[in-house]
Structure formats: C-alpha cells, structure tokens
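Residue numbers (my numbering), protein chains in the order written: chain A, 1 to 217; chain B, 1001 to 1217.
2 protein chains.
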Amino acid sequence: MHQLKFERIPRATISRLAVYVQELEVMEQQGIKVISSEKLAQLCGVNPSQIRKDLAYFGEFGVRGVGYYVHELREAIRQSLGLDRTWNVVLVGVGNLGRALLRHNLLRKRGFVIVAAFDCDPFKIGEEIAGLEVNCTSKLPKSTRDMNVEIGIITTPPERAQRAANYLMEGGIKGIVNFAPSRISTPENISVEYVDFINHMFSVAFNITQKQIRGLL
Amino acid sequence: MHQLKFERIPRATISRLAVYVQELEVMEQQGIKVISSEKLAQLCGVNPSQIRKDLAYFGEFGVRGVGYYVHELREAIRQSLGLDRTWNVVLVGVGNLGRALLRHNLLRKRGFVIVAAFDCDPFKIGEEIAGLEVNCTSKLPKSTRDMNVEIGIITTPPERAQRAANYLMEGGIKGIVNFAPSRISTPENISVEYVDFINHMFSVAFNITQKQIRGLL
DNA sequence: CTGCCATTGTTAAAAAATTCACTATGCATC
DNA sequence: GATGCATAGTGAATTTTTTAACAATGGCAG
Ligand SMILES: NC(=O)c1ccc[n+]([C@@H]2O[C@H](COP(=O)([O-])OP(=O)(O)OC[C@H]3O[C@@H](n4cnc5c(N)ncnc54)[C@H](O)[C@@H]3O)[C@@H](O)[C@H]2O)c1
Ligand SMILES: NC(=O)c1ccc[n+]([C@@H]2O[C@H](COP(=O)([O-])OP(=O)(O)OC[C@H]3O[C@@H](n4cnc5c(N)ncnc54)[C@H](O)[C@@H]3O)[C@@H](O)[C@H]2O)c1
C-alpha cells in the first residue's frame, strides 16, 4: 500500500538520512541489532518524530513495539536513495582538495567510484594519484561518455567552475557536486549541489558573537 | 530605528549570506558598483524577496529606487555576522583533508587564521605545512588558551572526533567545525557545525534516480 | 489465545521559512 | 520644487517543515 509516494521529499530529509546511515553503520559495527527512533534520534541530535517522518516518505521499515533492525534499516535507506549500486564519478581540478578527495575512501565505500580525474595544468597531467592518472581536461567529454559517468565533482578555483561544468555537461553528465564557492548555471535537468564549508565557519563565528552579545545584556 | 533585532535568525539565512558575500566580491572585482535584489537573486539562485528579508534581519542597507552599493553591502553583511575581525582557529588532524585546509587561503581571506595544527601521529609531528609546524595533540589545550583561540576545526577520522572535541573544549574553545562524519556531544554553550559532503553526493544520486523513475512514467 | 506493553506510522497542530503584494522613499528629470 | 520611476523594506498570505499526539499493531508473557 505504500511502495511509492509522489510527495516531494525535502532536501533536509536527504541530509538527515545520510546522518542516520552513518550512525547505523557505527551501531552495526558495535553489534547493536535493534534501535528505536528515540535512541537513534538522540544519537543524531534530532527529534524522534522527525526520524519516523523521514522514513515514512519511503516506506515502513520498523516493527511496532520493537524498533528498527539496524542492518535492515540501513539497507532500506540506501535502497530508497538509490545507493544500492555503483555510481561512476569524475573529478575536475586536481589541487589540494581534489587530491584529498581522490585519496578519501568514504566515497568508494558509499558506492561512488571516481573513475577519472582531470586537470588543465600540464604539470599535473600524467601524475598518478590513488591509482588514477590525471588526464587533460580536453579529454573529459569523450571519457565520461565512454565510461558511462553520471556524476561530476568540481574542485577547480571558483572562476573556473563554470568552464568545468560545461565540460561535464558536454560529456553527458547528469549531476554535479561543486566544491568551488561560485554558482554555476546549468539546464533544469542537471542536479547541482554546492558543498560550502565557509558558511559553517560563518555560522560558528556568528553564534559565538551572538552569545557574547547576549551575555552582556 | 533598526539597529538590533531580537528575532532568531534562521540557519539558512546565514548560509545564503555567505553566498551573497561571495557573489558581491566577484562583482566588486569586476567593478560593478550597484546591484538590485533582483539581479543578485538571479546570480545566487534565490528569490529577490528572500534577499531583502535576509538583510532585514540586520538592518537597512539599500537605497530605494537604486539598489545596494556592492562594497557597502558586503561590508554590512560581514559586520552583521561578526566577520569584521580576525578569528584564531586551530586544526586537529593533519591528514589529507587537514592539509588541504591548511593550504587553502580562503579561510584567511575571510578572517579565519589557523594559528596551530595538531596531530597524534608521531610521524607527522614536527612536519611543516603552509608555514605551520604540526604539534602533538597533548599540547592542544594549553596552546589554544595561550593563543586565545576561539574556533576549532576537526579533520580526524570519525571515531576520533569526540576525543578531538574534548581536547578543544579543554582548551576553552567556543565553537567547533567538524568535518568528520560523526556527531559529537558538547555542552550547550559550544557552537557545533557539521560539514558533510557525502549528503550532497546522496542528494545528487537521489535526484538522478528520481528523474529516471519519473521519466519512465 | 488473550491482553498488555512498547514503539511505530500517521494525522493534526504548531512553528518556521518563503514568497507575494504593496507601501514608502530616494533619485533623476524637467 | 514637483512628478515619475525604480526598487528597497515590510506585513500578510502561503507553503513547507517540524513537532506533538495518538491510534494501530507486532511481540511476548501468562
Ligand atoms: N583546499 C581546501 O581545503 C578547500 C576546501 C573547500 C573548498 N575548496 C575549494 O575547492 C576548490 C579547489 O581548491 P584547492 O585548494 O584544491 O585549489 P588548488 O588551486 O590547489 O587546485 C585547483 C586545481 O584546479 C585546476 N584547474 C584550474 N582550472 C581548471 C580547469 N578549467 N579545468 C580543470 N582543472 C582546472 C588547477 O590546475 C589546480 O590543480 C577551490 O574553489 C576552493 O575554494 C577548497
Ligand atoms: N579526505 C577528504 O577529502 C575528506 C572529505 C570530507 C570529509 N573528510 C573527513 O575528514 C576526516 C579526515 O579525512 P582525511 O582523508 O584527512 O583522513 P586522514 O586519515 O588522511 O587524516 C586523519 C588525520 O587525523 C590524525 N588523527 C587521528 N586521531 C587523532 C587524534 N585523536 N588527534 C589528532 N589527530 C588525530 C591522523 O594521524 C591523521 O593524520 C575524516 O573523518 C574524513 O571522513 C575527508
């Protein structure tokens, strides 16, 4: 009776589901078999209703009076999000951050496999990082088509992000995760996400300032 | 008549303000002197009312019939957020990501100065990165107090994040930006922000999947 | 097999955030 | 100095998201 809802799913829900998955994995490692929304909520720093609601978008995964089976819930979320498969990814801009991401194993663990890396700097082309050779950006469109890549990661300087995005789109990419602090323009059918860490710095600074101001009153 | 409002300011507003600042800086470099909420909204991918509302939390910065003076608006936002000063920051966990952040100059440009870096790996201690010597984590609490550090960045593996946070709190830190994918527990008076990039990967993957499902119907 | 307990799934209420629509006002022009 | 125009500021309406409350139900004890 549930199976597929046509409600729009809030962006914030996806964000939280990522957190749930992470916490569930830790529990699984610790051998915890069952968890209630109450306890999970506590660990994730959210409201228990919120968890039940988030999950309700996708189906019924719990057992009333018992809770959620940790392993099954994790699997259910992964499936719901379309993460129960491998996604081919390319990375554009092999600088400090690009290298860190290439060497990072969490992506692969989640099914995102970086199959190629590109840079426009001749000194970087040919270099090998994490078992991957850096290629010239001009080869990007053909490579991504040949390798059936669906997602592109941009880690170029901000003023180059649009150019990188254009290459990716030329290569038939369907989604972009942009780490550069600049907006890019793309047609409607491309999903774009911006990873911005400076806003978190702003937020912490602002909160500290606020508390100090409040404290003075 | 405005000066200080006691409304709670939405987290999302701060996030957008960071985007506005970035776009305003680009305009300033291009020599653009004045911008309307309409145009800025277009560049930032938001609604013009949203911009006016966001700014209204802090004051009146525009000129009716004209728009906003780019430089003044940028300054006004920076001031409103408490970014018109220098923030001393320390970083814990000098791995791939930690190094990338240490070498990154956007932080400094925004007034966040990393004054010390710590790691527990004896092979890393003593190494110099971006003009900063890596110190032993055991020295962290004393150092942060001595250097008047207010913000800590965590880039350790997730299972070490809590420990890193404890050291930071021992050092009298007021806010934490955690790049590790694990929740940390802290007393109320510490501001914590989680930088999570995997949820953006999830989101793009999910959106692509959704579109494909929709397309089939 | 019955009834109780715990905890989910869900509906309703509340709160928060966004967008709209309009009012106010600074600036330029005549 | 008055008039028109463009655009900011703002209160109200709308939409979205979160939280609370509770009815439904699986498991377990007796
Ligand atoms: N370093 C960090 O910790 C960090 C953190 C968050 C965000 N960022 C952002 O990520 C981006 C990269 O940061 P970084 O520190 O790695 O910078 P970087 O200068 O070290 O690396 C940028 C790389 O992109 C390459 N490049 C430039 N134009 C290109 C193009 N058109 N096509 C392909 N490659 C191109 C350069 O050759 C260079 O290798 C920046 O936008 C930065 O603001 C960095
Ligand atoms: N690499 C990336 O691109 C990336 C991106 C996003 C998030 N992250 C997250 O950031 C964190 C760091 O990632 P990484 O790739 O740099 O890992 P890494 O293993 O390269 O670096 C971790 C560093 O932390 C140090 N460390 C461990 N325990 C410590 C402790 N108790 N005190 C001080 N230092 C300690 C280690 O010695 C090591 O140098 C991880 O949690 C990762 O999930 C990484």
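Just so you know, even glycine gets a beta-carbon here, dropped at the ideal spot from N, CA and C.
| Asked | Found |
| --- | --- |
| Please name the residue in A:Ala56, A:Asp54, A:Gly93 whose C-alpha comes closest to that of A:Asn178. | A:Gly93 |
| Could you name the residues of chain A that B:Glu1150 contacts, counting a contact when the two beta carbons are closer than 7 Å? | Ile208 |
| Starting from B:Asp1146, trace the alpha helix (DSSP H) both ways and give me its first and last residue. | 1140-1147 |
| Can you tell me the Cα-Cα spacing of B:Arg1016 and B:Glu1038, whole angstroms? | 15 Å |
| Taking only three categories from DSSP, how would you classify B:Cys1136? | strand |
| So is A:Arg202 in contact with chain B if we call contact Cβ pairs under 8 Å? | Reading off the sequence, residue 202 of chain A comes out as Phe, not Arg. True, the Cβ-Cβ gap to chain B drops below 8 Å. |
| Nearest-angstrom Cα distance between A:Ile125 and B:Glu1025? | 31 Å |
| Listing by chain order, which chain A residues have their CB less than 9 Å from the CB of B:Phe1112? | Ile198, Met201, Ala205 |
| Output needed for A:Leu55: all residues of its chain with C-beta closer than 6 Å, excluding positions within five of it in sequence on either side, in chain order. | Phe61 |
| Using a threshold of 8 Å, state whether the C-beta atoms of A:Val70 and A:Met27 are closer than that. | yes |
| How would you list, in chain order, the residues of chain A whose beta-carbon sits under 7 Å from the beta-carbon of B:Lys1174? | Ile208 |
| Pick helix, strand or coil for A:Ile9, following the three-state DSSP scheme. | coil |
| Please report how far the alpha carbon of A:Leu101 lies from the alpha carbon of A:Val21, in whole angstroms. | 20 Å |
| Given that B:Ile1014 touches chain A, what residues does it touch there, using C-beta distances under 8 Å? | Asn199, Phe202, Ser203, Phe206 |
| Are the beta-carbon atoms of A:Asn96 and B:His1200 separated by less than 8 Å? | no |
| B:His1002 to B:Tyr1057, Cα distance in whole Å? | In this prediction, B:His1002 scores a pLDDT of 44, lower than 50, which makes its location untrustworthy; no coordinate-derived value is stated. |
| Have a look at A:Leu106, A:Gly98, A:Phe123 and flag the residue whose alpha-carbon is nearest the alpha-carbon of A:Ala117. | A:Gly98 |
| Of all Cβ atoms in chain B, is any one closer than 8 Å to the Cβ of A:Tyr20? | no |
| Is DSSP giving A:Ile224 helix, strand or coil here? | This structure cannot settle anything about residue 224 of chain A, because the visible part of chain A is limited to 1 through 217. |
| CB A:Ile154 to CB A:Ala164, shorter than 8 Å? | yes |
| Quick one, which of A:Arg110, A:Asn148, A:Tyr167 has its alpha-carbon nearest A:Pro141's? | A:Tyr167 |
| When you compare only the Cα positions, how much space is there between B:Val1046 and A:Arg183? | 11 Å |
| Between B:Pro1181 and chain A, is any beta-carbon pair separated by less than 8 Å? | yes |
| By the three-class DSSP mapping on this structure, what secondary structure does A:Asp54 have? | helix |
| Just to confirm the assignment, what range does the alpha helix (DSSP H) spanning A:Leu218 have? | Absent from the structure is residue 218 of chain A, since the part of chain A shown begins at 1 and ends at 217. |
| Grab the span of the alpha helix (DSSP H) containing B:Gly1093 for me, first residue to last. | No alpha helix (DSSP H) contains B:Gly1093, which DSSP labels as neither H nor E. |
| Which partner residues does B:Ile1129 have in the DSSP bridge list? | B:Leu1132 |
| Can you say whether B:Lys1174 is buried or exposed, counting buried as having 16 or more other CB atoms within 10 angstroms of its CB? | buried |
| Look up A:Ile32 in the DSSP assignment and say whether it is helix, strand or coil. | coil |
| Determine whether the Cβ of A:Arg99 lies closer than 8 Å to any Cβ atom of chain B. | yes |
| Buried or exposed for B:Pro1187, please, with buried defined as at least 16 other CB atoms from any protein chain shown within 10 angstroms of its CB. | exposed |
| By alpha-carbon positions, which one of B:Tyr1194, B:Val1019, B:Asn1189 ends up nearest to A:Thr209? | B:Asn1189 |
| For A:Leu81, return the contacting residues in chain B, with the cut-off set at a CB-CB distance below 8 Å. | Phe1202, Ala1205, Phe1206, Thr1209 |
| Among the candidates B:Ile1035, B:Ala1076, B:Asp1084, whose CA atom is the shortest distance from the CA of B:Val1066? | B:Ile1035 |
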